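>
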Amino acid sequence: MEPYHHLFTLLLLLLLFPSFLESQTQRQENNTGYTCNKNQTNNNYPCQAYAYYKSTSPNFLDLATIGDLFSLSRLAISKPSNISSPSSPLIPNQPLLIPLTCSCNFINKTFGSISYSNITYTIKPSDTFFIVSTINFQNLTTYPSIEVVNPSLVPTNLSIGENVVLPIFCMCPKKIKSSSNISNFANYMISYVVQPLDNVSSIASMFGTNEKSIVDVNGEKLYDYDTIFVPIDKLPILKQPIVLPPSGNSNDDKIIRDLAIGLGFIGFMLLLVIGIWIYREVLFKDRLWMVKMKLGRELYFGQKGNKENNNNNNNNNNKVDVKLIANVSDCLDKYRVFGIEELLDATNGFDESCLIQGSVYKGSIDGQVYAIKKMEWNVYEELKILQKVNHGNLVKLEGFCIDPAETNCYLVYEYVENGSLYSWLHEGKNEKLNWVTRLRIAIDIANGLLYIHEHTRPKVVHKDIKSSNILLDSNMRAKIANFGLAKSGMNAITMHIVGTQGYISPEYLADGIVSTKMDVFSFGVVLLELISGKEAIDEEGNLLWDSAIKTFELNNEQEKARRLKRWLDEDILKETCSMESLMGVLHVAIACLHRDPSKRPSIMDIVYGLSKSEDTGFELSDEGIGSPRLMAR
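In mature numbering (1 follows the signal peptide of the UniProt record, and there is no 0), the protein residues as written are -23 to -1, 1 to 610.
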């Protein structure tokens, strides 16, 4: 029976919990590990850490088996877990603290270093990286991270008995400087996998720590099945159940065993029926999403729908309202839900005279001008990203509309008066951009990227930074638009390459690697457009970034400045602007275009460099932007 256990478990999950698998797969896809830098002075690697783990039936109900899983003795687990007898059996869901030796491990130049505890696992029949990470190790690692740490293994062709290094996520407490000495931020970090009903308060209470310390390490937003790190000063005392010793009466044991088998079979059949019903809902989730948006609009805003139809079904519809709007409640609370009639009146029925560009129309509702983007109806993923971003250098989403009759969705944005940066640079506007304005636009874009890269959790990668997606308001301040291709999460790998030719980073084009460094590359191309006035790709198919690298790949600053004057936009040459400033921005742009993403500067470095480039140039090393220095004119 043992060789078939994992296969049976996977089959059971597929039948019973498709939505559970989908949610866990989605979270795992976005997580290849937690980066670290052991060379920083405030880091404390290696260190003693712990992982919160629960015993599970049928394979992990004793400390010996769990100890083998983590390569530990029973005593090593029982002591921090407050278990007096290491040989006693466990009951399902009994809490444990697993000791870990946490290290900062260098992977490669692409992924840098990841913080984890090195566990060796032997592949068994029917094992996959996903099964091992979610079932055996309860999401304390992920299958993308296992693949990254074991580059020589083929996930679809694992051999029984093969040893795999499993990166169990952990973190060492940082050292912080006080006025008198250096002290630890905490004594230990506990790796904890967030469960659907968890919140910061409940987790803090569970481990006897305060909410602020958890938020300081992990941010305010928690995501189901993500690993977070709980800082503690001393180990919590886990409340352990009293486990009775096995009975010596074999007849009683047989009766109990038979009863358990019978009840288990009945429970299995019941869960199978529930699982089929859940699967049907998952299969038609897109259609249900459209319905929930419509019902949510009626429920929250009292707008009129087609209530004259299907009057006999009104009571049934009201019963499912709460369930249907649950997943988009955040959207309903935060945004205005427009009626399709309002949008038709605002745009004269989406007449071409109101067309701004592509499928974006200008419309006025209640005296307020909006940009109305007509899209295919399922934009749930884009809405999930837009509802968690709010920054002055990002175009603001004001609301949305669902048109069930036409199966279309409309996103209603603030109207940005002066159009796209592309139109100002490349479509022959009478009024030209001076260098001060161009530099301010570059800083605005960088600040918008800084926000989505560093101040959202998980980080957001825009994936389509280009001059036509940069809009300018009445004060010529820049705002990043169009999050249609955006993705939450870092270092994912995709086979579906999307984007605009001339702006796509080499590593994304070649290997499908999605990271914030691909936005940095695209931003480098936009900087070249601002400097040169040239398009990202010319009529002959020549790439602007490739031309720039070939033109400026030399160390002689005077020769570089001479070439830059020939390469500059003619409109910039007509004004008396600082050559130091131009050279500083050029250095930032070339650094952003490095073929190795790990050697591109961080967006924080870029903001710093651009902010200082008005009067100062910069030297850029492989690690990013270096110290400022004055350059010869």
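Just so you know, even glycine gets a beta-carbon here, dropped at the ideal spot from N, CA and C.
Quick caveat, the model's predicted, so the values are computed rather than measured.
With DSSP run on the structure shown, which of helix, strand or coil describes Arg417?
Against the sequence shown, residue 417 aligns to sequence position 440. Helix.
> Please state the DSSP three-state secondary structure of Thr78.
One-based indexing of the sequence shown puts residue 78 at position 101. Looking at Thr78 - three-state DSSP - the assignment turns out to be strand.
> Excluding sequence positions up to five away, which residues of its chain have a Cβ less than 6 Å from the Cβ of Asn70?
The count along the sequence shown starts at 1 and reaches residue 70 at position 93. Around Asn70: Lys31.
> List the whole-angstrom C-beta distance separating Ala26 from Leu77, where the pair is believed to meet the contact cut-off of C-beta under 8 Å.
Here the question's residue 26 lines up with position 49 in the sequence shown. Here the question's residue 77 lines up with position 100 in the sequence shown. About 5 Å; that satisfies the 8 Å criterion.
> Following the continuous alpha helix (DSSP H) through Phe529, name the residue where it begins and the one where it ends.
Working through the sequence shown from its first residue, we reach residue 529 at position 552. 521 to 529 is the extent of the alpha helix (DSSP H) around Phe529.
> Is the region 122 to 134 close to the region 166 to 181, with three or more CB pairs under 8 Å?
No contact exists between the region 122 to 134 and the region 166 to 181.
> Around the Cβ of Arg415, are there at least 16 other Cβ atoms within 10 angstroms (buried) or fewer (exposed)?
The sequence position of residue 415 within the sequence shown is 438, counting from 1. The residue in question, Arg415, is buried, as its Cβ has 16 or more Cβ neighbours within 10 Å.
> Just verifying my parser: in three-state terms, what is the DSSP assignment at Arg274?
On the sequence shown, residue 274 is found 297 positions in, with the first residue counted as 1. Note on Arg274: pLDDT 47, under 50, position unreliable in the model; no value is reported.
> Leaving out five residues on either side along the sequence, give the residues of the same chain with a beta carbon under 8 Å from the beta carbon of Gln115.
In the sequence shown, residue 115 corresponds to position 138, counting from 1. These residues qualify, in order along the chain: Tyr30, Lys31, Thr33, Val170.
> Which residue wins for smallest C-alpha separation from Asp343, given the options Gly316, Pro218, Leu360, Pro144?
Taking the sequence shown and counting its residues from 1, the one referred to as residue 343 is at position 366. That would be Gly316, whose Cα lies nearest to the Cα of Asp343.
> CB Asn145 to CB Ser94, shorter than 8 Å?
Here residue 145 refers to the residue found at position 168 of the sequence shown. Here residue 94 refers to the residue found at position 117 of the sequence shown. The sequence shown places Ile at residue 145, rather than the Asn named in the question. Against a cut-off of 8 Å, the Cβ pair of Ser94 and Ile145 comes out as a contact.
> Are the beta-carbon atoms of Leu545 and Gly479 separated by less than 8 Å?
As a working note, residue 545 is residue 568 in the sequence shown. As a working note, residue 479 is residue 502 in the sequence shown. Taking 8 Å as the Cβ cut-off, Leu545 and Gly479 do not qualify as a contacting pair.
> Would you mind stating whether Val389 and Tyr347 have Cβ atoms separated by less than 8 Å?
Here residue 389 refers to the residue found at position 412 of the sequence shown. Here residue 347 refers to the residue found at position 370 of the sequence shown. Contact: yes.
> Rank Gly138, Val437, Asp496, Ile508 by C-alpha distance to the C-alpha of Thr105 and give the top, closest one.
Working through the sequence shown from its first residue, we reach residue 105 at position 128. It is Gly138.
> Under 8 Å by Cβ, that's how I've got Met166 and Phe107 pegged, so tell me the actual separation to the nearest angstrom.
Position 189 of the sequence shown, counted from the start, is the residue given in the question as residue 166. Position 130 of the sequence shown, counted from the start, is the residue given in the question as residue 107. With a Cβ gap of about 26 Å, Met166 and Phe107 do not count as contacting.
> Is the CB-CB distance between Ser499 and Ser482 below 8 Å?
Against the sequence shown, residue 499 aligns to sequence position 522. Against the sequence shown, residue 482 aligns to sequence position 505. Contact: yes.
> Should Glu285 go down as buried or exposed, given a rule of 16 or more other Cβ atoms within 10 Å for buried?
For the purposes of this step, residue 285 is identified with residue 308 of the sequence shown, where counting begins at 1. For Glu285, the predicted structure reports a pLDDT of 41, less than 50, and the residue's modelled location is therefore unreliable. A value from the coordinates is still provided. Exposed: under 16 other Cβ atoms inside 10 Å.
> Would you call the region 189 to 204 and the region 239 to 251 in contact, with 3 or more CB pairs under 8 Å?
Output reads no: the region 239 to 251 does not touch the region 189 to 204.
> Whole angstroms is fine: what's the gap from Val314's alpha carbon to Gly461's?
For this step, residue 314 is matched to residue 337 along the sequence shown. For this step, residue 461 is matched to residue 484 along the sequence shown. Roughly 19 Å separates the two Cα atoms.
> Report the option in Thr477, Glu431, Ser190, Gln345 whose CA atom is closest to the CA atom of Asn446.
For the purposes of this step, residue 446 is taken as the residue at position 469 of the sequence shown. Taking only the C-alpha atoms, the option nearest Asn446 is Thr477.
> Report the option in Asp380, Asp193, Gly340, Glu506 whose CA atom is closest to the CA atom of Trp412.
Counting from one through the sequence shown, the residue named residue 412 turns up at place 435. Trp412 has its Cα closest to that of Glu506, out of Asp380, Asp193, Gly340, Glu506.
> Restricting to Cα atoms, I'd like to know which of Phe47, Asp45, Pro35 is closest to Leu67.
As a position in the sequence shown, residue 67 is number 90, starting the count at 1. Measuring from the Cα of Leu67, the nearest candidate turns out to be Pro35.
> Name the residue from Ser397, Val366, Gln364 whose alpha carbon lies nearest to the alpha carbon of Gln334.
Position 357 of the sequence shown, counted from the first residue, corresponds to residue 334. Closest by alpha carbon: Ser397.
> Just to confirm my understanding: we take Tyr392, look at its own chain, exclude 5 residues before and 5 after, and list those with CB closer than 6 Å. What are they?
Your numbering for residue 392 matches position 415 in the sequence shown. The residues are Val346, Tyr347, Ala348.
> Using 8 Å for Cβ pairs, my map puts Val491 next to Cys569. What's the rounded Cβ distance?
As a position in the sequence shown, residue 491 is number 514, starting the count at 1. As a position in the sequence shown, residue 569 is number 592, starting the count at 1. Contact flag wrong, Cβ pair sits at about 17 Å.
> Which residue from Ala487, Asn140, Cys79, Ser590 puts its Cα closest to that of Leu46?
Stepping through the sequence shown from its first residue, residue 46 is reached at position 69. Residue Asn140 is the option with its Cα nearest to Leu46.
> For Ser451, does the count of other Cβ atoms within 10 angstroms reach 16, so buried, or fall short, so exposed?
Position 474 of the sequence shown, counted from the first residue, corresponds to residue 451. Exposed: under 16 other Cβ atoms inside 10 Å.
> Reducing DSSP to helix, strand and coil, say where Ile481 ends up.
Sequence index remark: in the sequence shown, residue 481 carries index 504 (1-based). DSSP places Ile481 in coil when its eight states are reduced to three.
> Run the CB neighbour count on Val109, radius 10 Å, all protein chains shown included, and call it buried at 16 or more, exposed below.
Residue 109 sits at position 132 when you count from the first residue of the sequence shown. It is buried - the Cβ of Val109 has at least 16 other Cβ atoms within 10 Å.
> Can you have a look at Asn164 and say buried or exposed, based on whether 16 or more other CB atoms are within 10 angstroms of its CB?
Position 187 of the sequence shown holds residue 164. With fewer than 16 other Cβ atoms within 10 Å, it is exposed.
> Considering only the alpha carbon of each residue, which of Leu541, Pro218, Val438, Ile442 lies closest to Ile422?
Stepping through the sequence shown from its first residue, residue 422 is reached at position 445. Comparing Cα positions, the closest option is Ile442.
> Within 10 angstroms of its Cβ, does Asn14 collect 16 or more other Cβ (buried), or is it exposed?
Walking along the sequence shown from the start, residue 14 turns up at place 37. Under this definition Asn14 is an exposed residue.
> Just to confirm the assignment: which complete alpha helix (DSSP H) runs, minimum length 4, are found wholly within the region 38 to 98?
Qualifying alpha helix (DSSP H) stretches, in chain order: 40 to 47, 51 to 55.
> Apart from the five residues on each side of it in sequence, which residues of its chain come closer than 7 Å, Cβ to Cβ, to Gly279?
For this step, residue 279 is matched to residue 302 along the sequence shown. Confidence at Gly279 is low in this model, with a pLDDT of 42, below 50, so the placement of that residue should be treated as unreliable; the coordinate-derived value is given next. Nothing meets the Cβ criterion.
> Here's the rule: buried if 16 or more other CB atoms are within 10 angstroms of the residue's CB, otherwise exposed. What is Phe83?
As a position in the sequence shown, residue 83 is number 106, starting the count at 1. Exposed is the call here.
> Between which residues of its own chain and Arg540 is the CB-CB distance below 7 Å, once the five residues before and five after are set aside?
On the sequence shown, position 563 is the one that residue 540 refers to. Closer than 7 Å at the Cβ level, and outside the excluded window around Arg540, lie Thr528, Phe529.
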